[in-house]
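Novice: By the count of the UniProt record's numbering, the sequence shown reaches residue 525 at its end, each step adding exactly one. The C-beta atom is built at its ideal place from N, Cα and C for all residues, glycine as well. Keep in mind the model is a prediction, meaning the values are calculated, not measured. Let me begin by handing over the structure; questions about it come next.
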Amino acid sequence: MIGIAATAALTIIFLKECCLSIPLPMPIIQRHLSNVDLKATYKAAHRYLKRYGYLNVDADGSVTDEQFTEALRLFQKVASLPVTGVLCARTIEKMLQPRCHEADLEPSDDGKAKKSRRKRYVVEGSYWSSSNLTYSISRYSTTADPTSIDDAVRRAFRVWEQHSLLRFKKAPFRMANIDIAFVRRTHGDGEPFDGRGGILAHAFFPQYGGSIHFDDDEAWNPGPAKGLDLYAVAAHEIGHSLGLKHSKNSEALMAPFYQSHTSNEISLHSDDVDALHYLYGSPAEEPSAIWSPTDEVIWPSNKVTDEGNEYFNQQPNSLVNKVDICANPVLDAITVIGNGSTYAFQGEWYWRLNHLSYDDGYPRRISEDWDGLPGNIDAAVTDRLGNTYFFKEDKYWQYDADGRAAVGNPKDISSTFPDTPENLDAAMVWTYDQRFYFFKGKFFWQHLNSSRQAVWPRLIKTISSNFSSRVDAAFTWTNGKNYLFAGPYYYRISGWRVMKAVPGYPRSTGEWWFGCSDGKSIEEP
């Protein structure tokens with residue numbers, strides 16, 4: 001995320017000598033500042049070093065002199081400054097330089113940044129599985145010419161094409177892998193801009209959708225003319241969208257600090273190229289040599305036949321009496337269909353839920369009401385148009401907003417959801433980005449739509465450490481909040497950028513959704 005790490009307190013003091021220091025308690029700071037400026041400058045530098053990963057603060061908020069000095073030395077090394085450990089004018093000036101808001105280093109528990117890896121380039125961990133990617137510009141700048149923006153963005157993607165098998169093509173909005181938008185202030189992604197002269201742009205890694213946002217309050221130019229170089233900033237942000245983090249090489253395009261280029265064409269540094277090839281292979285390699293998510297992931301076995309799962313208790317086919325959901329509140333799937341009704345599924349049965357428990361007359365057999373839908377489904381999800389998809393083994397069944405079956409059921413999952421494995425555990429549309437998320441075993445991943453690819457499995461334990469083995473069901477309720485079900489418990493998930501379980505969970509599925517013990521309202525489960 002490109003931005004100016006500016007603060008009024010961090011005033012540049014140009015002095016002839018850069019390595020003078022003063023006695024504690026304000027160590028390693030240039031002389032000749034007033035006490036007020038000294039304290040403010042120290043605090044501003046402290047915030048800067050913490051923000052960008054050079055400094056980790058103790059639980060009580062304290063930082064030792066050794067930690068601060070080491071953080072300064074690391075920053076100076078990354079910034080290609082004399083490594084003195086002194087907060088001098090050149091160091092402060094560098095801190096004021098426009099830069100990317102992505103952290104440079106990853107701090108460790110001892111308050112120091114982690115030791116550098118042997119490789120100078122750094123990759124985030126996620127990447128696109130296809131070499132043919134599309135991008136859209138959903139919102140243009142209100143001050144710059146759209147044609148010049150198109151040209152600058154096209155040339156920025158070309159920078160990365162020249163050294164890889166990746167190919168980029170502009171596509172309509174909502175049909176593209178990477179969306180680009182010029183926005184102002186708070187714009188819905190939890191990363192607000194701050195007007196002219198502050199943060200310039202930010203981008204999201206592939207696992208978060210790859211979107212790129214530019215601050216529309218800035219004075220953008222398509223090249224190295226007066227104003228901000230959109231071509232250069234876009235090329236840097238595209239690197240993040242492809243999965244690259246910041247390079248420790250100050251000459252690399254993926255170096256943290258904003259670089260305006262005097263030439264009309266930007267060339268990748270060898271460090272950028274190495275990172276790109278690490279993720280996507282080199283042009284000399286065959287396309288089959290490029291990694292795909294399934295190269296690294298062995299998908300777990302079928303949900304129904306998975307042995308050793310303490311939560312799963314499949315009902316026998318010969319069962320005559322209705323199941324007691326309170327005795328075994330473990331769901332196969334749950335979803336809100338297009339007409340607003342909430343349905344939960346277990347084995348051969350389903351329930352229609354209300355704000356207290358479930359409606360009279362339920363459970364009912366799935367086969368009685370859902371035309372052609374089998375029991376023991378793996379997962380269910382409803383899209384923004386009100387279409388509901390049920391998954392079982394390698395097939396899916398589609399129903400409209402009122403539960404009517406689509407013509408041609410069932411269909412192969414691979415025909416509509418490419419790269420999606422069989423025998424899913426759960427599926428949902430996340431409120432944050434309105435995209436499909438699938439869960440299986442210890443992993444979950446994002447799927448864009450039928451014209452695109454599945455994106456990068458992540459461990460479900462990153463959502464909550466309680467998810468050690470699997471998620472059984474997932475959905476977005478009528479309140480717009482997301483819920484994951486594991487065994488007899490459920491979790492509410494945060495709705496901004498990164499999936500995390502909300503404090504206060506897990507809770508009992510039987511009590512809060514089916515009214516099993518005390519009839520709790522599930523107005524806000």
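In the DSSP output, what is leucine 353 paired with across the bridge?
Specialist: Thr342, Tyr358.
Novice: In the DSSP assignment, find the alpha helix (DSSP H) that holds lysine 440 and state where it starts and stops.
Specialist: Lysine 440 -> not in any alpha helix (DSSP H); beta strand (DSSP E) instead, spanning 436 to 440.
Novice: Buried or exposed, going by whether 16 or more other CB atoms sit within 10 Å of the CB of asparagine 423?
Specialist: Burial call: buried.
Novice: By the 10 Å Cβ neighbour count, where 16 or more other Cβ atoms means buried, how is alanine 219 classified, buried or exposed?
Specialist: The residue is exposed, with fewer than 16 neighbouring Cβ atoms inside 10 Å.
Novice: For valine 502, collect the residues of the same chain with a Cβ closer than 8 Å to its Cβ; drop the 5 residues on either side in sequence, then sort them by chain order.
Specialist: Result list for valine 502: Tyr491, Arg492, Ile493, Ser494, in chain order.
Novice: Determine whether the beta carbon atoms of proline 206 and glycine 243 lie at a separation below 7 Å.
Specialist: Yes.
Novice: What residue does the beta strand (DSSP E) around phenylalanine 444 start on, and which one ends it?
Specialist: Unbroken beta strand (DSSP E) run through phenylalanine 444: 443 to 447.
Novice: Taking three-plus beta-carbon pairs below 8 Å as touching, is the stretch 193 to 204 in contact with the stretch 158 to 177?
Specialist: The stretch 193 to 204 vs the stretch 158 to 177: no contact.
Novice: Have a look at arginine 158 and serine 141 and give me their C-alpha separation to the nearest angstrom.
Specialist: One C-alpha to the other measures close to 21 Å.
Novice: Let me know the alpha helix (DSSP H) ranges lying completely inside the stretch 211 to 295, each 4 residues or longer, listed in chain order.
Specialist: The qualifying runs are 230 to 241, 270 to 280.
Novice: With a threshold of 8 Å on Cβ separation, who are the neighbours of tryptophan 477 within its own chain once the five nearest residues in sequence on each side are excluded?
Specialist: For tryptophan 477, where only same-chain residues beyond five positions count, the Cβ hits under 8 Å are Val336, Thr342, Tyr483, Pro525.
Novice: If you draw a straight line from the C-alpha of residue 566 to the C-alpha of aspartate 104, how long is it?
Specialist: What the structure shows of the chain is the stretch from 1 to 525, and residue 566 is not part of that stretch, so it cannot be assessed.
Novice: Mind reading off the beta-carbon distance from phenylalanine 182 to arginine 139? Whole number of angstroms is fine, and I expect it under 8 Å.
Specialist: Correct: roughly 5 Å between the Cβ atoms.
Novice: Between the stretch 389 to 406 and the stretch 414 to 431, do at least 3 Cβ pairs fall closer than 8 Å?
Specialist: Yes, since at least three Cβ pairs between the stretch 389 to 406 and the stretch 414 to 431 fall closer than 8 Å, the two stretches touch.
Novice: Out of Tyr432, Pro410, Met428, Phe443, state which residue places its alpha-carbon closest to the alpha-carbon of serine 421.
Specialist: Just to set this straight, residue 421 is proline in the shown sequence, not serine. Taking only the C-alpha atoms, the option nearest proline 421 is Phe443.
Novice: State the DSSP-derived secondary structure class of proline 457, mapped to helix, strand or coil.
Specialist: In the structure shown, proline 457 sits in a strand (DSSP, three-state: E or B).
Novice: Cα separation between arginine 507 and glycine 340?
Specialist: Approximately 24 Å between the Cα atoms of the pair.
Novice: From the DSSP output, in three-state form, read off isoleucine 413 for me.
Specialist: It is helical.
Novice: Starting from the Cα of aspartate 378, find the closest Cα among Gln434, Pro457, Arg470, Tyr358 and give me that residue.
Specialist: With distances taken between Cα atoms, aspartate 378 lies closest to Arg470.
Novice: What residue range is occupied by the uninterrupted beta strand (DSSP E) comprising glutamine 162?
Specialist: Element bounds for glutamine 162: n/a, residue is neither H nor E.
Novice: Return the CA-CA distance between isoleucine 413 and lysine 392, expressed in angstroms with no decimal places.
Specialist: Looking at the two C-alpha atoms, the distance is approximately 9 Å.
Novice: Would histidine 261 pass as a contact of alanine 234 if the rule is Cβ separation under 7 Å?
Specialist: No, the pair does not count as a contact, with Cβ atoms beyond the cut-off.
Novice: Quick one: Cα of proline 172 to Cα of alanine 71, how far?
Specialist: Rounded to whole angstroms, proline 172 to alanine 71 spans 45 Å at the Cα level.
Novice: Is the Cβ-Cβ distance between proline 256 and histidine 246 less than 7 Å?
Specialist: In contact: proline 256 and histidine 246 (Cβ atoms closer than 7 Å).
Novice: Using a 10 Å radius around the Cβ and a threshold of 16 neighbouring Cβ atoms, would you call valine 407 buried or exposed?
Specialist: Valine 407 comes out exposed.
Novice: Would you list the one or two residues that DSSP bridges to phenylalanine 485?
Specialist: In the DSSP output, where bridge partners are listed per residue, phenylalanine 485 has Ala473, Tyr490.
Novice: For serine 62, which of His46, Arg73, Leu74, Thr91 has the nearest alpha-carbon?
Specialist: When each option's Cα is compared against that of serine 62, the closest is His46.
Novice: Let me check understanding here. Comparing Cα to Cα, which of Asp332, Trp370, Asp400, Gly375 lies closest to arginine 384?
Specialist: Here the closest residue by C-alpha is Asp400.
Novice: My output table needs one value for isoleucine 334: the three-state DSSP class, helix, strand or coil.
Specialist: DSSP places isoleucine 334 in strand when its eight states are reduced to three.
Novice: Residues in the same chain with beta-carbon distance under 8 Å from glutamate 161, minus the five sequence neighbours each way, listed in chain order, please.
Specialist: These residues qualify, in order along the chain: Arg167, Phe168.
Novice: Out of Ile137, Ile334, Ile92, Ser517, state which residue places its alpha-carbon closest to the alpha-carbon of isoleucine 212.
Specialist: If we check each option's Cα against that of isoleucine 212, Ile137 comes out closest.
Novice: What separation, rounded to the nearest whole angstrom, lies between the Cα atoms of tryptophan 512 and methionine 175?
Specialist: So the two alpha carbons sit approximately 38 Å from each other.
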